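Each residue of the sequence shown is one higher than the one before, counting from 2 in this note's numbering. Please read the structure below before turning to the comments.
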Amino acid sequence: MKGSEDCKKLKFEKYSDFLQWMTEEENKSSAKFIIQTKKKNENHTYTSFWCNRSGIYKPKVECRKRQLKAQGTMKMGFHCTAAILVKDFYSHVEVSYLEGHYKHENSLCHVPLPQNEKELIAGKPLQGVAEKNISQDIRQSLDTTFERKHLTTRKDLQNIKRDFEITLPSKGSVLQNDETSVYLSVHKMENQKDNPVLFYKRQEGPHAVIDQNDFMLVLKTNFQKCIMYRLGADRICIYAWLLCGGASVKPLIYY
Numbered sequence: 002m003k004g005s006e007d008c009k010k011l012k013f014e015k016y017s018d019f020l021q022w023m024t025e026e027e028n029k030s031s032a033k034f035i036i037q038t039k040k041k042n043e044n045h046t047y048t049s050f051w052c053n054r055s056g057i058y059k060p061k062v063e064c065r066k067r068q069l070k071a072q073g074t075m076k077m078g079f080h081c082t083a084a085i086l087v088k089d090f091y092s093h094v095e096v097s098y099l100e101g102h103y104k105h106e107n108s109l110c111h112v113p114l115p116q117n118e119k120e121l122i123a124g125k126p127l128q129g130v131a132e133k134n135i136s137q138d139i140r141q142s143l144d145t146t147f148e149r150k151h152l153t154t155r156k157d158l159q160n161i162k163r164d165f166e167i168t169l170p171s172k173g174s175v176l177q178n179d180e181t182s183v184y185l186s187v188h189k190m191e192n193q194k195d196n197p198v199l200f201y202k203r204q205e206g207p208h209a210v211i212d213q214n215d216f217m218l219v220l221k222t223n224f225q226k227c228i229m230y231r232l233g234a235d236r237i238c239i240y241a242w243l244l245c246g247g248a249s250v251k252p253l254i255y256y
């Protein structure tokens, strides 16, 4: 392991700021960090992220019939020293960044496709884009910076359709995963001129106050905005939908 000069101490106001920094660092260094441990303490939550090259390759079946990829497996068979150690004190976030990697070069071919790129690609079939055109659009998006998405293969596209439960009937496509469908709808609204999205938190997404398992979406149209300015000086009515028992939905009205 390299010396302590490779350990950077960082501080962030919010956990979301840390996540944005980590994504930028992964893109810059062609690396990927995955959660290894997470533990809640009395006044903070401790999370360790390890380099995804750490560990031993374990095939899913005992007798693997297919040959390994030309670039080899993602796992090296030993532990890489690169890691990100995070203490979330809720009022701020402290990070120790062990930057030096051990016995491997950072390469995009060993980095998984980022989740946000998967979600954007998953939305293409909903827009009626054919699979061959999706690959072509990705290649044509290359400008001066080569990113992991530009290595997207047909196998990547098949995995995305499987993970997001996308089926392609003769007329259009059907997205069976409700959470993904909401994300894609929100992403589309956020790109509109009159964006009605005031707040959006995905399930499992980190937030300083809202529970990790909770989902929240707040919308306000231009009409609602005008009515609020005219009539909502002393009170606001919120019309919400509550999912009960994973099946039924009932409306709630708050004053």
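Note that the Cβ used here is the ideal one computed from N, Cα and C, for glycine as well. Quick caveat, the model's predicted, so the values are computed rather than measured.
With respect to the 8 Å criterion, K39 and N53 are not classified as neighbours on the basis of their beta carbons. For K40, the enclosing beta strand (DSSP E) starts and ends at 34–41.
When DSSP reads this structure, C8 sits in a beta bridge with L99.
The Cβ atoms of Y98 and I85 lie closer than 8 Å to each other.
Distance from the CA of D195 to the CA of V219, rounded to the nearest whole angstrom, comes to 15 Å. Beta-bridge analysis with DSSP links L158 to no other residue. The Cβ atoms of L158 and E120 lie no closer than 8 Å to each other. DSSP places I135 in the helix class (H, G or I) of the three-state scheme. Contact annotation, P197 with L20: C-beta distance approximately 25 Å; criterion of less than 8 Å not satisfied.
Counting the other CB atoms within 10 Å of its CB gives F200 a total below 16, which places it among the exposed residues. M229 sits exposed, since fewer than 16 C-beta atoms from the chains shown fall within 10 Å of its C-beta. Residue pairing of T48 in beta bridges, as defined by DSSP: K39, V87. Beta bridge pairing from DSSP links K202 with M217. In the three-state scheme derived from DSSP, where H, G and I count as helix and E and B as strand, F147 is classed as coil. Per DSSP, I228 has no beta bridge partner at all.
By the CB criterion at 8 Å, W22 and I35 fall outside the cutoff. Within the model, the alpha-carbon separation for K41 versus S17 is close to 18 Å.
H151 is positioned such that its CB atom lies no closer than 8 Å to that of D89.
According to DSSP, residue pairing for I122 in a beta bridge does not occur. F13 sits in a strand when the DSSP states are folded into three classes.
Partner residues in a beta bridge of V183, as assigned by DSSP, do not exist. A direct Cα-to-Cα measurement between S142 and E27 gives close to 20 Å. Comparing alpha carbon positions, the residue from R149, I167, V210 closest to Q116 is R149. Distance check between S31 and each of G101, K12, H80 places G101 closest, using alpha-carbon atoms only. Around the beta carbon of C227, fewer than 16 other beta carbons sit within 10 angstroms, so the residue counts as exposed.
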